[in-house]
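Novice: Going left to right, the sequence shown walks through residues 33 to 283 as the numbering used here numbers them.
We treat Cβ as the ideally placed atom computed from N, Cα and C, and that holds for glycine.
Fair warning: this is a prediction, and the values are worked out from it, not measured in the lab.
I have a structure here, written as structure tokens, and I will follow up with some questions on it.
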Amino acid sequence: MEFSVKHQIGLVCGMLLLAALCNSQESFTDSRATYYGSPDCYGTPRGACGFGEYGRTVNDGSVAGVSRLWKNGSGCGACYQVRCKVPQYCDENGAYVVVTDYGEGDRTDFIMSPRGYSRLGSNEAASAELFKYGVVDVEYRRVPCKYNGYNIVVKVHEHSKNPNYFAVLVLYVEGIYDVTALEMWQEDCQEWRPLRRATGAVFDYENPPSGEINLRFQVSGKGGLYWVQSKNAIPSDWRGGAAYDTMVQLN
33 MEFSVKHQIG LVCGMLLLAA LCNSQESFTD SRATYYGSPD CYGTPRGACG FGEYGRTVND
93 GSVAGVSRLW KNGSGCGACY QVRCKVPQYC DENGAYVVVT DYGEGDRTDF IMSPRGYSRL
153 GSNEAASAEL FKYGVVDVEY RRVPCKYNGY NIVVKVHEHS KNPNYFAVLV LYVEGIYDVT
213 ALEMWQEDCQ EWRPLRRATG AVFDYENPPS GEINLRFQVS GKGGLYWVQS KNAIPSDWRG
273 GAAYDTMVQL N
């Protein structure tokens, strides 16, 4: 199913915060967090995940860059609950952020957008005090991303040129899963061919096969490492910027 990226972005901005209502079985890990500058307090469209404008506004701009949680790009799109540890200022639930970028700081696991960082505070005045700290001690855990049944959605990257160059962005994955590899079915050879991870969540392939494009995803999650195939082929008249629901059902 194809749908407009504008519609999908609006849909996701309203849904990702539902992760805050989901219980995670993972324990918290101690770390530190800081924030980066932004003219409008949202994320940056130039993030290393390759999300573009979507990476600026997803989750109402509560996003973060990570380093060791980057996982060679497979950590892009992961959702985390981050709680700071300054009792007089910190909200007990903390902030829920989406990974959209790579970033290294002073022993920090999260470099957050201003909107994300501000949500560490219990109120506006408390958030202002946390900004003065610059870097704060935190604890974090992975939480499920929720998209009301959209398990894996991909977008044909704007740099794609039909029929000579195909690039696809793994826009989001529901639950606690990482996409570690992507393959394309080559009908003439009767085999799956690997796509190259170009950057972050972007995979590409030069001179793709003509006709529909069938993809399968290697995912890592509670069921271990395994392959799932898209039930929805990308049509032969694919174009840059179009988003497609893969109709994949993850375990």
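Beta-carbon separation of C177 and Y204 under 8 Å?
Specialist: Within the sequence shown, the letter at position 145 stands for residue 177. Within the sequence shown, the letter at position 172 stands for residue 204. Their beta carbons are under 8 Å apart, which means C177 touches Y204 by this criterion.
Novice: Among the residues of its own chain, which have a CB less than 6 Å from the CB of T231, if the five just before and after it don't count?
Specialist: Your numbering for residue 231 matches position 199 in the sequence shown. Cβ within range, chain order: G82.
Novice: What's the call for Q113, buried or exposed, on a 16-neighbour Cβ count within 10 Å?
Specialist: Indexing the sequence shown from 1 puts residue 113 at position 81. Buried, because 16 or more other Cβ atoms sit within 10 Å of the Cβ of Q113.
Novice: Is T89 near V185, with beta carbons less than 8 Å apart?
Specialist: For the purposes of this step, residue 89 is taken as residue 57 along the sequence shown, with counting starting at 1. For the purposes of this step, residue 185 is taken as residue 153 along the sequence shown, with counting starting at 1. Cβ atoms of T89 and V185: not closer than 8 Å.
Novice: Using CA atoms only, rank isn't needed, just tell me which of Y121, F142, T76 and S192 is closest to E238.
Specialist: The residue labelled residue 238 in the question sits at position 206 within the sequence shown. Per the Cα distances, S192.
Novice: Among all the DSSP beta bridges, which residues are the ones paired with K193?
Specialist: Here residue 193 is taken as the residue at index 161 of the sequence shown, counted from 1. DSSP output for K193 lists Y197 as bridge partner(s).
Novice: Specify, as a first and last residue, the run of the alpha helix (DSSP H) that S252 falls within.
Specialist: The residue labelled residue 252 in the question sits at position 220 within the sequence shown. Not the alpha helix (DSSP H): S252 falls in the beta strand (DSSP E), residues L247 to G253.
Novice: Nearest by alpha-carbon distance to S268: which of Y258, G256, S252 and P240 is it?
Specialist: Here the question's residue 268 lines up with position 236 in the sequence shown. The shortest C-alpha separation from S268 is found at P240.
Novice: Taking T140 and C108 to be in contact with their CB atoms under 8 Å, please state how far apart those CB atoms are, rounded to whole angstroms.
Specialist: Here residue 140 corresponds to residue number 108 of the sequence shown, with the count starting at 1. Here residue 108 corresponds to residue number 76 of the sequence shown, with the count starting at 1. Rounded, the Cβ-Cβ distance is 18 Å, inconsistent with contact.
Novice: In or out: W102 buried (at least 16 other Cβ within 10 Å) or exposed?
Specialist: What you label residue 102 is simply residue 70 of the sequence shown in a count that begins at 1. W102 comes out buried.
Novice: What whole-angstrom Cβ distance do V200 and V188 have, given they're in contact under 8 Å?
Specialist: Counting from one through the sequence shown, the residue named residue 200 turns up at place 168. Counting from one through the sequence shown, the residue named residue 188 turns up at place 156. Indeed, because the Cβ distance is near 6 Å, the residues count as touching under 8 Å.
Novice: Assuming T89 is part of the alpha helix (DSSP H), what are its boundary residues?
Specialist: Taking the first residue of the sequence shown as 1, we reach residue 89 at position 57. Taken as a continuous stretch (DSSP letters only), the alpha helix (DSSP H) holding T89 covers E85 to T89.
Novice: Shorter than 8 Å from the beta carbon of A65 to some beta carbon of chain C?
Specialist: No chain C is part of this structure, which consists of one protein chain only.
Novice: For a quick check, are the C-beta atoms of F198 and Y172 less than 8 Å apart?
Specialist: Along the sequence shown, one-based indexing puts residue 198 at 166. Along the sequence shown, one-based indexing puts residue 172 at 140. No, Cβ-Cβ distance for F198 and Y172 is not below 8 Å.
Novice: Would you call W270 buried or exposed, if buried means 16 or more other Cβ atoms sit within 10 Å of its Cβ?
Specialist: For this step, residue 270 is matched to residue 238 along the sequence shown. Result: buried.
Novice: Got a sec, what are the start and stop residues for the beta strand (DSSP E) G256 sits in?
Specialist: Position 224 of the sequence shown, counting from 1, holds the residue named residue 256. Per DSSP, G256 belongs to the beta strand (DSSP E) from G256 to Q261.
Novice: How is the beta strand (DSSP E) around L214 delimited, first residue to last?
Specialist: Translated into positions along the sequence shown, residue 214 becomes position 182. D210 to Q218 is the span of the beta strand (DSSP E), which, as asked, contains L214.
Novice: Ignore the nearest five residues each way along the sequence and tell me which others in G126's own chain have a CB closer than 7 Å to its CB.
Specialist: Taking the first residue of the sequence shown as position 1, residue 126 is located at position 94. Closer than 7 Å at the Cβ level, and outside the excluded window around G126, lie Q113, V114, R115, C116 and L152.
Novice: What is the C-beta distance between V170 and R64, in whole angstroms, given that I count them as a contact (C-beta under 8 Å)?
Specialist: For the purposes of this step, residue 170 is taken as residue 138 along the sequence shown, with counting starting at 1. For the purposes of this step, residue 64 is taken as residue 32 along the sequence shown, with counting starting at 1. That belief holds up - the Cβ atoms of V170 and R64 are roughly 6 Å apart, short of 8 Å.
Novice: Suppose contacts are defined by Cβ-Cβ distances below 8 Å. Is G253 in contact with Y209 by that definition?
Specialist: Taking the first residue of the sequence shown as 1, we reach residue 253 at position 221. Taking the first residue of the sequence shown as 1, we reach residue 209 at position 177. Result yes, Cβ atoms of G253 and Y209 sit closer than 8 Å.
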